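As C-alpha cells, the structure follows; a few thoughts come after it.
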Amino acid sequence: MTLFLVGFGLVVAAAIVPPVLPHGAARRSAFGALLVAGCGLTAAAAVVALAGARVIQLTWRSYLPGGDAVIGIDPLSAVFAIAVAVLGATNGIFGDADVRSGAHPERSTEANALYAVLVASLLLVVTAQSVVLFLTAWELMAISSFLLVIFDHGQADVRRAGWIYVVATHVSTLLLFAMFALWSGTARDMTFASLADAWAGMPNRSVILLLGLVAFGVKAGYVPLHFWLPPAHSASPSHVSALMSGVVIKTGIYGILRVLTLSGAPPAWFGWTVLVLGGISALLGVLWALAQHDVKRLLAYHSVENIGIIMLGIGIGALGGAYGYPALAILGYGAAVLHMVNHALFKSLLFMAAGAVYRRTHTRNIEELGGLARRMPWTFLMFFIGAVAIIGVPPLNGFVSEWLIYVGLYDAARTVGAMRLAIFAAPVLALVGGLALACFAKVTGVVFLGTARSARVAESSEVGSSYLIPQGVLAAACFAIGLLPALLATAIARVGAFVAGDPAWGSGGAGASIGTLRGPMLFAIALTAAIAVAALLRFALMRRRSIRRAPTWGCGYPEPTPRMQYTASSFASPLVSMFGAVSGVYEHRGATIFHSEPRDIVLDGVLVRAWARVEAAALRLRPIQQGRLHLYLVYVVAAVLSCLVYFVVAR
Amino acid sequence: MRPAASAWIALAIVLVVAPGVLGVASRTRALLTRRRGAPVLQSYYDLLKLLRRGSVLSDTTSRVFRAAPVCLVASTLLAGAVIPLDGRAALIRFPGDVVALVYALAFGRFLLVLAALDTGSSFEGMGASREVTVASIVELGLFLSFGTLAALTKTSSLSGMLGAPLAAAWPTGSPAILMTAVGLFALMLAECTRVPVDDPATHLELTMIHEVMILDHSGPDLALILYSSALELSIIAAIIVTLLAPRGDMPVAVSLAVLAAGLLATGVAIGIVEATVARLRLPKIPLYLASAASLGLFSLVLVLWSSP
Amino acid sequence: MSGVTEPLLVAVPIAGAVLAYAIRASSWRSAVLVTIAVFHSAIVVLLWRQSPAPIDGRWIDLDDLGLIVLSVASAVFLSVAVYAAAYLRSNTPRGGRVFVSCLLVFLGTTSLVALSQQLALLWVGLEGTTLSLAPLIYSRHDRPSLEAVWKYLVLSSVGIALALLAVFLLADAQAADAGARTLLLTDLTSRATLLDPWWLRAAYIFALVGFGTKMGLAPLHTWKPDAYGEAPSLVGGLLAGTLTTCAFLGVARFTQIATAAGLDQFVRPLLIAAGVLSLVIAAAFIIGQSDVKRMLAYSSVEHMGLLVLGLGVGGVGAYGSVLHMLNNGLVKGALFLAVGNLVLAAGTAVAADMRGMRMVRPATALLVLAGLFAISGSPPFGLFVSEFAIIDGTLQQNHPWIAIITIGLLTLIFVGLARMIIAILYAPRPEPLDASAPERERPPFVIAPAFLMAIVLLLGIYIPPSLQAALARAAATLGGHSP
Amino acid sequence: MMQSATHLLLLLVVLTDFAVLGTSRLSACIRWIAFQGAVLGVLSLLVGGDLAWNAWLLAAGTIIVKAILLPAFLRWAIREASIRRDVEPLVGYLASMLLGGAALGVSFGVAVSMPATVRNALLVPVALVTLIIGLIVLMTRVKAITQVIGYLMLENGVYLFGITLARRVPYLIEAGVLLDVFVGVFIMGIVVFHINREFDSISAANLSTLRES
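Protein chains in written order, with my numbering: chain A, -6 to 644; chain B, 347 to 654; chain C, 2 to 484; chain D, 41 to 253.
And the structure:
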C-alpha cells in the first residue's frame, strides 16, 4: 500500500512540481520522470497485490456525513490500476511532446499538470473503497478531463464538445448520487464493505442496479449513452483522446463490475439487459464507425464497439451468476476484464498513431490523406499493429480476449434452459468482427496506402522518437499478450472469480474455468511461425527472379491520378447502404464526386432536438417576468390565496 | 495434444488435392456447357508456371503488398490445421478453435485487402470493398452454423463438432445438420467467390470481386494467392464432407479416401451449380448471403427448440 | 463571554455606520469598514469555541441555527468588505458615504436577525436589512437601477408586511397559554403544544409567503433578477449570500415552532411545493439566459427552492438544508464577487459580449469555473455534501418522484449554467486581445472570492466536529437528524 | 361607552378604506390615509385598555408618524415632483368599490369562522378589510405614489391586527415596527421622487424595461 501511495504521491507531484520549476528542460524532464516513476510504482503495487492475491486497505477517519474514507487494492482495482498506470505513463510522454509541437506550446505546462491530475484521479477512482471518496475522485476525473477536452478552446466545435461532455458526466454524477443514496439507506456507513453487507436486506435492489447501469453507462458510453464520446474524442488533444478511450471510459465498466462485486449474483434480467446492450452497441458502434471520415471520431466509435464487446463478456458473467453457472460467471467477467486491458492498449496505440499523423498533416479527414506508409513508416507500422489487434485476429492480443468471449458464448450454448439463448450473440459478434475488419481496412488503406490525396500530405515526414517509443511499448505489450496469453491466465481468472463473488478467488483453483489459454497461445505462435516460413519460402523463390517496377495497372486507363483512388466513402458505401437508415449516413452523389456525411443518430437525431424543445418550452414561460410590478403583486396575492385554500382544505 | 499421424496425412491430402478441386469444378462446368474445357490438372500447371515467372511490382506499393500473399497462405494453412480433416482430431485443437479458424481466414483477408488498396487503383479498391462486404456476412453465417453444431454436440471445438459427438448427434439432429451443410455450401460459394456471387471466368473488371483485387499481383505472389484461395475452398469443403459423412468410427485409410473423394465431389457440385445457375447482379448478393445465413439461423433455432 | 458579546455584534456595526457617515476621507471610511468586518468575524470565531446555549428569556442570544447564519453573514461580509475597500478606491459610487454606512447597518441588522430569540425583534431586524440595502442597489443612480430598487422595495415591503402579520398571528396563537412570554422562541418551542393550532397554521402560511418573498421563492422571486442584475456585484453578493439566508432563517424559525407543535404534516406539503416550483422556474429562466447576473439570480432562486425542499422532506433533508444554507451563502458571495470582476473587465453583463475571459482574467476565470462546479453540487465542494443529503432525504422519506424531478431539474439547470460559463470563459474575444488583456488582476478582487471558495471547498472535504454537532442539533430542532 | 367608541372608530377606519378606494384625487387620498392614521393612534389607546405612559407614547408616535409626518412627506413629494393630481386606476373606481365590497364580505366571513380568542369581535374583520383593500390599491393603481399609499394602508391593516392582539406585543417592538415603517415609506418616497426626476411621467407602469425578453 505504501508503494502505491508513494507512486500516487509522485503522480500528484508531477502535477504540482513542474509549474514551479524554471522553464525549459528541467521542467520537462521533471514531469516525465515524476509521471513515469509514479505510474511505475503504482503499477508495481497493483501487480504485487494481484499476484499475491491479497486485498490491501487503508482507512482514515473523516467527519463527512459519508463516514470514513477507505482506499484499497483488490484484484478488480488492481487490474484497472495497472491499465491506468501503463497508459498514464506512455500517453503522458507522448502528449508532452505532442503539445509542445502543437498550436499552444506555451500552455504545455498547464496541459501536463491537468493530465497528471487526471491520471491521479483515475488511480483514486479505481482504488477508492468508500462512497464519498469515490464520488470525489470521480468528479475530479470528470473536471480535469473536461478541462483537457476544451484545451483547444479556440474552435467552436471543441467548446460544443466540451459542453456536451461536461453535461453528460454531470448527469452520471447525479445518477450516482441517487444510486448511492438509495443504497446507503439501510447501510451502516458509506464504505463499500458495509454497502455490500447491506445489499441482502435492500428493499429496491433492481432500481439500484438499473441506476448503476445507467449512471456508469453514461461514462462507459454504450449505445445510446455514447453521444458525448465521439465529439469529445475528436476535440481533445490526441494523448487525451488516447487516455479517455483507453481508461476514462473504462471507469464506467469498472463501476458496473464494482456494483456487481458488491451486490453478488445479479438477477437474470440484468444479465440479459447487459448482453443485449452490449450486442447493440458493438454492432451500431462499428457500423457508425464505418461511416466516419474524421479518423479520431472513427476511433471513438470503435471504442463504443469495444465497450459493447466488453459488455458482452459482463453479460455472460452476469447470466452465469444468475443461472447458477459459477464457472461461466468467472469466464465472462475474466474475458471482459481482459478485453478491457487489450482495448486500452491497442486503442491508445491507434490514437497516438493517428495523433502523429494529425501533427504532421494537420487534418483528421482521411479523405485528404493517403500514401503515408512510405513517408511515416514507423507510424504506419504502429497503426498497422493496432489495427490487426483491434479487429481481433491472431496473432495479436485482441484475438485472445474475443476468443474468450466466444468461448463463453459457446459454453452458454452447452448449458440447459434459457441461458443457451446467449449463443445468438456469437453471430452478432462475428458480424461485428467482419465490419471492424472492413472499417480498419478502409482507414488503414486510405490513410497510409495508395498515393497522397493532397499536397500537404505529400511532404509530411516521420515523427520523432518521443512519439514512437511510447507507441512501441504499447505495441510490444499487444504482441506479448497475443503470443503468451497463458502467463495471464491465473490473474484473469482471479479477477473474474473475485467479481463473481467466488470465495476461493485467491486460490489457484478458480482458474480452472478459464483454462490455461494454451490453445490460443499455441495457435498464435504456430501462425507466426508459419508466416515466417512462408516468408522465407517467398524470399527463396524471389531471389533469382527478375523484379520489374511499373505503375499500377489501370485496367486500360492511361493516367491514373490520386483523385481516381477509391475514396473512404465509396469503400464503405456497400456496407453502409446495406444497413440503410440505421447507419445514420447521408450520401451525396454528385456527377464527379461521391461523398457521404455521417450524423450521430442519438446526439443529432434525438438529444439536440429534445434540447431545442426544452428551450422552446422555457421561452414560453418568459412572459411571466415581463417587468410589470402590478403583475408581480398579483402573484404575491395569488400565492397567499392558494395557501389559504390549502389552509381550508388541509384539515 | 499428440497429433496423430493420420491428421498429418489428411492435411497433406487436402494440400495436394486443393487445386484439383478447382480443376474438377471448371471441367465439370465445361462439360455441362458442351465445351471441352481445360484439363483437370490445368490449375497445377498454372501455379507451377507462375512460380517460375518473375514479377512486376507497382511503384506505389509498400511492404504490405509483398507481405500479403505470405500471410494469406500461412493463415489459410493454420485454418486448415484446426479442422479434424481425418474425421477424428485436428492437429491443433482447443475449446473455441472455430474462432481461430474463422479469424485466421479473416487475418489473411485483411492483408489481401490492404494489398489491394496499396496499389491505389480504383478497381482494386472497388474489389476490396466488395470483398469485405461479402466476407462480413459470410462470417455471420459461419458462426450461426457452428453455433448449431455447438448446441448439438455440446462442444465448442471443431474436433468435437465434427468428430465422434457429431456421429452421436446424427440420428436426432439430422435435419439441422443437413440444413447446416446446405448453408455452409452456399456460404462457401460466396467466400471463395464462385458463381452465383462471383464468376472466376469473367473478364470484365467492373463485375469482379476477388479477381480484381489481385490484378497487380504477379509471379510467385499471384501463385501463393491463387493457391491459398483454392486451399480455403477445400478446407470448407472438407468441413461439409465431414458433416455429411461423420468418419469418427471409420478405419483411417477409408476415412482418408472418403475425404479425398468428398473433396472432388464438392468440386463436381460446384461445377454443376456454375453450369446451371446464372451469376447474380451485385445488388442482389446481400440477399443471397442473408438467405444462406438464415439457413444457419433456422437450424440453430431448430436445435435449441428440439433439445431441452 | 456569551451574553456580553452578542449585543456588541449588533451595536458596533451600527455605531460604525454613524462614524463612517461622519468621516469625510473615503480611505478612512474603508478602513472603518474593514476593521469592523474583521472585528465581527473575530467575535464569531470566538463564539464557535463553545457550543451555544441560549439563556432563557433573553431576547438577543445565540442558538445553533443562529450561529450558523451569523457565521455565513460574517464570512461573506468580511470578503465583501475587503472587496469593497478595493472597489471604492477605483470607482466612487454617488453618495459614497451612504455606501459604507449602509453596508455597516446591513451587517448590524443581519446580526440582529441571526441573534434575536424574539420573533418580532427578528422581524424588525429583517426589515432593517431590507431597507439598508435599498440605497446600495440604487448606487449607480441610473434608470434601470432605479426601476430595480423600486420593485425591490415594493415587493419586499409587501412581503415583510405579511410576515409582520404572521408574527402577530403567532402572538394570537399564544393567547390560550397564559404562562408564556410573548413571541419568545424558547417559550414558543418548549410550550408549543399549548399553542392554538388554528392561529399557528394561519401564522405559518403568512410567514411562508412573507419571508418567502424575501427569500425569493417562486412565484415571489420576481424582484430578484432585477435587483441582482442592477446592483453592484458586491451588493449582489450580500443580497444572494446573506439576505436570503436571513429570510430563510425566518422560515426556519416558524418551522421550528410548527414542528414542535406537531404540525409538520401540515407544513411539509407547502414547503415541498414551494421548493419544486422554485426549481422549475429557475430551470426555465436559466435555460437560454443572456445576462450573467440575472442568471446568478435565478440560480439563487434554485437554491432557495432546494433549501425549503430539504426542510419540507425532513429527516436527513433538514440536515442537508441547514448545511446547504451555509454552503449556498458562501458560494453565492464568492460567485458574485468573481463574476463582478469579469463584468468590470468586460464592461457589460451580457454574456454574448463578455467572451474569452479566460485570457483576460485568468485567476478570476478559474474561480468562476470552480464556482460553476460548486453551485451545481459537484464534489469535492461543500454543496455536493448538502445536496447529496437533501436528495438522500427525499429518498429516505420515500418521495422517489420528487427525487427524480429534482435531479432532472438540476440537470437542466446545469446544462444552462455550463453553456453560458463555457462561452464566457473560453469563446474567443470578439476583438483581438485588447489593452485589457495583459493587465494584472488586483489581489483583493481575487483574494476576497477565493477566501469564500476555499471555505466551501474545505466544507466539502472536512466538516469540523463542532460544526457537525451544531448542524445535528439545528437539524433536530427542525424535525430532522444528521445522517 | 368605551366599546361603542371603539366600534365607531372602527367604522371610521372602514369608511376611510373605501374613501381611498373611491377618490380620484391624490391629495384627497393622502388626506384620508392621514385621517386613518390618526384613528389608529386613538384606537391603539382605547383597545389596549391600560393607560400606561408608554401606551400614550406609542399612540402619540403613531399619530405623529402616520397622520402627520408621512402624509406631509408625500405631499412634499407630489409638489416637488409636480405629480399630476389624479389617481390613475387600472381598474375603474366602481369596480374597485365592488372589489372592496367583496373584501368586506370575505373578511367578515373569515372573522365568524375564527376561534373566538380575540376580545373585540369587530377588530379582526376591520383589520382584514383594511389589509385587503391596501393590496387592492397596490395592484390596481398605476402611479408609484398611489402604491405607496396602498402600502401604508396594508401596514395600517397589519398594525390594526397588532393592536387587536389578545396579549400586547411589547411596546419596544411596536416602536421598532413603527420606526421601520417610517423609514420604509421615507425611502419609498425618495425613490418616487427620483423616479419622477428620471422619467418624464411618474407612472409606475412604464417602469418595465427590466424584463425577460
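Idealized CB from N, CA, C, for every residue including glycine. These numbers come from a predicted model, not from an experiment.
Asked, Found
"CB contact below 8 angstroms: A:R152 versus chain C", "yes"
"Counted within 10 angstroms of its Cβ, other Cβ atoms place A:F532 as buried (16 or more) or exposed", "exposed"
"Chain B within 8 angstroms of A:S563, Cβ atoms only", "yes"
"Outcome for C:A82 when other beta-carbon atoms lying within 10 angstroms are tallied against a minimum of 16", "buried"
"Members of the stretch 464 to 479 of chain B that neighbour chain A once the beta carbon cut-off is set at 7 angstroms", "D464, T465, G466, S467, S468, F469, G471, M472, A474, S475, R476, V478, T479"
"Three or more C-beta pairs below 8 angstroms linking the stretch 28 to 38 of chain C and the stretch 78 to 92 of chain C", "yes"
"Nearest candidate by alpha-carbon position, reference C:R202, set C:D62, C:D173, C:L122, C:T187", "C:D173"
"Expected contact under 8 angstroms - CB spacing of D:L192 and D:L110 to nearest Å", "7 angstroms"
"Cβ shell of A:S459 (< 8 angstroms), same chain only, five flanking positions each side left out", "I86, F87, D89, A90"
"Contact list for D:F201 against chain C, beta-carbon separation under 9 angstroms", "L165, L166, F169, L170, D173"
"Closer than 8 angstroms to chain D by CB, C:A121", "yes"
"C-alpha distance - C:L10 paired with C:R30, whole-angstrom precision", "19 angstroms"
"Residue span of the beta strand (DSSP E) that contains A:A543, given as start and end", "540 to 543"
"Element boundaries [alpha helix (DSSP H), containing C:I138]", "120 to 138"
"Within chain A, the residues that C:D489 reaches when beta carbons sit closer than 7 angstroms", "Here chain C has residues from 2 to 484 only, and residue 489 of chain C is not among them."
"Short CB-CB distance (under 8 angstroms) between A:L51 and chain D", "no"
"C:H485, buried or exposed, once every other Cβ within 10 Å from all chains shown has been counted against 16", "Absent from the structure is residue 485 of chain C, since the part of chain C shown begins at 2 and ends at 484."
"Pairwise C-alpha distance: A:I518 and B:T465", "30 angstroms"
"Outcome for C:H222 when other beta-carbon atoms lying within 10 angstroms are tallied against a minimum of 16", "buried"
"Contact list for the stretch 376 to 405 of chain C against chain A, Cβ threshold 7 angstroms", "S377, S379, P380, P381, V386, F389, A390, I392, D393, L396, Q397, A404"
"Neighbour-count burial assignment, B:K630, 16 or more Cβ in a 10 Å radius", "exposed"
"Contact set between A:L626 and chain D, taken where Cβ atoms lie within less than 7 angstroms", "L178, M179"
"A:S589, DSSP secondary structure in three states", "strand"
"A:I157 to A:W221 span [Cα, whole Å]", "6 angstroms"
"Beta-carbon proximity list for A:H355, same chain, < 8 angstroms, skipping 5 on both sides", "R449"
"Minimum Cβ-Cβ distance from A:L27 to chain C less than 8 angstroms", "no"
"Cβ-based burial, B:R439 [other Cβ within 10 Å; buried from 16]", "buried"
"In DSSP terms, what A:T184 is bridged to", "A:S123"
"A:E395 classed as buried or exposed, judged by whether at least 16 other C-beta atoms fall within 10 angstroms", "buried"
"Whole-Å CB distance - A:F185 paired with C:F389, under 8 angstroms assumed", "Actually they do not touch by this definition, with Cβ atoms about 17 angstroms apart."
"C-beta atoms of C:L272 and C:L312 nearer than 8 angstroms", "yes"
"4-residue-minimum alpha helix (DSSP H) runs that sit fully inside the stretch 411 to 470 of chain A, ordered along the chain", "418 to 441, 448 to 451"
"Within 8 angstroms, strictly: CB atoms of A:G239 and A:K340", "yes"
"Short-range partners of chain A found in the stretch 395 to 409 of chain B, where Cβ spacing is below 7 angstroms", "L397, G400, S401, V402, L403, S404, D405, T406, S408"
"Residue range of the unbroken alpha helix (DSSP H) whose run includes A:G85", "68 to 93"
"Delimiting residues of the alpha helix (DSSP H) encompassing C:W60", "No alpha helix (DSSP H) contains C:W60, which DSSP labels as neither H nor E."
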